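In what follows, a structure is listed as C-alpha coordinates, so that the remarks can point back to it.
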Amino acid sequence: EYMDGTQEVSLPFEIAVKAKKNSVANDTIWLVTSELAKIDLVLPSDNNSYEYMGMEVSRPAMKGKDEQGYYYYTIEIVAKIVIERT
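The sequence shown stops at residue 87 when you use the working numbering, and every number in between is there.
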(Lines of atoms letter the chains of each structure in order from A and count residues from 1; the text may use other names and numbers.)
(Lines give C-alpha, C1' and ligand atoms only; values in the text may rest on other atoms or scores of the structure.)
Protein backbone atom coordinates (compact mmCIF):
# COMPACT_ATOMS: atom_id res chain seq x y z
CA GLU A 1 0.00 0.00 0.00
CA TYR A 2 1.24 3.45 -0.90
CA MET A 3 1.23 6.55 1.32
CA ASP A 4 -1.81 7.95 -0.51
CA GLY A 5 -3.83 4.81 0.25
CA THR A 6 -3.67 3.25 -3.20
CA GLN A 7 -2.90 -0.44 -3.29
CA GLU A 8 -1.41 -2.64 -6.00
CA VAL A 9 -3.20 -5.98 -6.17
CA SER A 10 -2.22 -9.13 -8.05
CA LEU A 11 -5.02 -11.50 -9.03
CA PRO A 12 -3.65 -14.96 -9.88
CA PHE A 13 -5.45 -17.44 -12.15
CA GLU A 14 -4.43 -20.87 -13.41
CA ILE A 15 -5.39 -22.58 -16.65
CA ALA A 16 -4.94 -26.35 -16.84
CA VAL A 17 -4.96 -28.69 -19.82
CA LYS A 18 -5.59 -32.42 -19.51
CA ALA A 19 -5.17 -34.96 -22.32
CA LYS A 20 -4.41 -38.66 -22.83
CA LYS A 21 -1.64 -37.85 -25.30
CA ASN A 22 1.29 -35.86 -23.95
CA SER A 23 1.85 -34.15 -27.30
CA VAL A 24 -1.79 -32.96 -27.44
CA ALA A 25 -1.63 -31.51 -23.92
CA ASN A 26 1.73 -29.84 -24.61
CA ASP A 27 0.67 -28.39 -27.98
CA THR A 28 -2.63 -27.13 -26.54
CA ILE A 29 -1.10 -25.35 -23.54
CA TRP A 30 1.49 -23.68 -25.78
CA LEU A 31 -1.26 -22.54 -28.17
CA VAL A 32 -3.27 -21.06 -25.28
CA THR A 33 -0.14 -19.35 -23.92
CA SER A 34 0.71 -17.91 -27.32
CA GLU A 35 -2.80 -16.55 -27.86
CA LEU A 36 -2.96 -15.01 -24.38
CA ALA A 37 0.37 -13.27 -24.96
CA LYS A 38 -1.10 -11.57 -28.06
CA ILE A 39 -4.04 -10.05 -26.22
CA ASP A 40 -3.83 -6.34 -25.51
CA LEU A 41 -6.54 -6.43 -22.89
CA VAL A 42 -8.19 -3.25 -21.66
CA LEU A 43 -10.43 -3.56 -18.60
CA PRO A 44 -11.78 -0.15 -17.65
CA SER A 45 -13.60 0.25 -14.36
CA ASP A 46 -17.19 1.45 -14.71
CA ASN A 47 -16.99 3.31 -11.40
CA ASN A 48 -13.27 4.24 -11.37
CA SER A 49 -12.62 1.95 -8.39
CA TYR A 50 -9.50 0.43 -9.98
CA GLU A 51 -7.00 0.86 -12.80
CA TYR A 52 -6.05 -2.23 -14.81
CA MET A 53 -2.27 -2.40 -15.20
CA GLY A 54 -1.95 -5.51 -17.36
CA MET A 55 -1.39 -9.22 -17.06
CA GLU A 56 1.54 -11.58 -16.98
CA VAL A 57 1.39 -15.07 -18.48
CA SER A 58 3.83 -17.71 -17.24
CA ARG A 59 5.56 -20.33 -19.32
CA PRO A 60 3.71 -23.66 -19.46
CA ALA A 61 4.63 -26.25 -16.85
CA MET A 62 4.03 -30.00 -16.95
CA LYS A 63 2.34 -31.06 -13.73
CA GLY A 64 2.52 -34.79 -14.35
CA LYS A 65 0.52 -37.82 -15.35
CA ASP A 66 -2.30 -39.25 -13.25
CA GLU A 67 -3.33 -42.86 -12.56
CA GLN A 68 -5.74 -42.86 -15.54
CA GLY A 69 -2.94 -41.85 -17.91
CA TYR A 70 -3.86 -38.19 -18.38
CA TYR A 71 -1.11 -35.61 -18.79
CA TYR A 72 -1.54 -32.23 -17.09
CA TYR A 73 -0.03 -28.89 -18.06
CA THR A 74 -0.71 -25.50 -16.51
CA ILE A 75 -0.03 -21.82 -17.00
CA GLU A 76 -0.42 -19.06 -14.49
CA ILE A 77 -1.90 -15.68 -15.30
CA VAL A 78 -1.57 -12.72 -12.97
CA ALA A 79 -3.74 -9.67 -13.55
CA LYS A 80 -2.48 -6.51 -11.89
CA ILE A 81 -4.73 -3.69 -10.76
CA VAL A 82 -4.33 -0.56 -8.67
CA ILE A 83 -7.11 0.23 -6.23
CA GLU A 84 -7.47 3.82 -5.12
CA ARG A 85 -8.67 4.12 -1.54
CA THR A 86 -10.55 7.30 -0.77
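The beta-carbon is built from N, C-alpha and C at its ideal position, and this holds for glycine as well.
These numbers come from a predicted model, not from an experiment.
| Check | Outcome |
| --- | --- |
| I82 in three-state terms, based on DSSP | strand |
| Neighbourhood of E15 by C-beta, 8 Å cutoff - its chain only, sequence neighbours within 5 removed | T75, I76, E77, I78 |
| Proximity below 8 Å, CB of Y71 to CB of A17 | no |
| Continuous beta strand (DSSP E) stretch holding K22: start and end | Here K22 belongs to no beta strand (DSSP E), and DSSP marks it neither H nor E. |
| 6 Å CB neighbourhood of E85 in its chain, flanking five on each side removed | T7 |
| Bounding residues of the beta strand (DSSP E) (the contiguous stretch that carries V43) | Looking at the DSSP string, V43 is not in any beta strand (DSSP E), and its letter there is neither H nor E. |
| Cβ neighbours of K66 in the same chain (closer than 7 Å, five flanking residues each side left out) | Y72 |
| K64 versus T29: straight-line alpha-carbon distance, rounded | 14 Å |
| Test item: CB-CB of Y51 and V25 under 8 Å | no |
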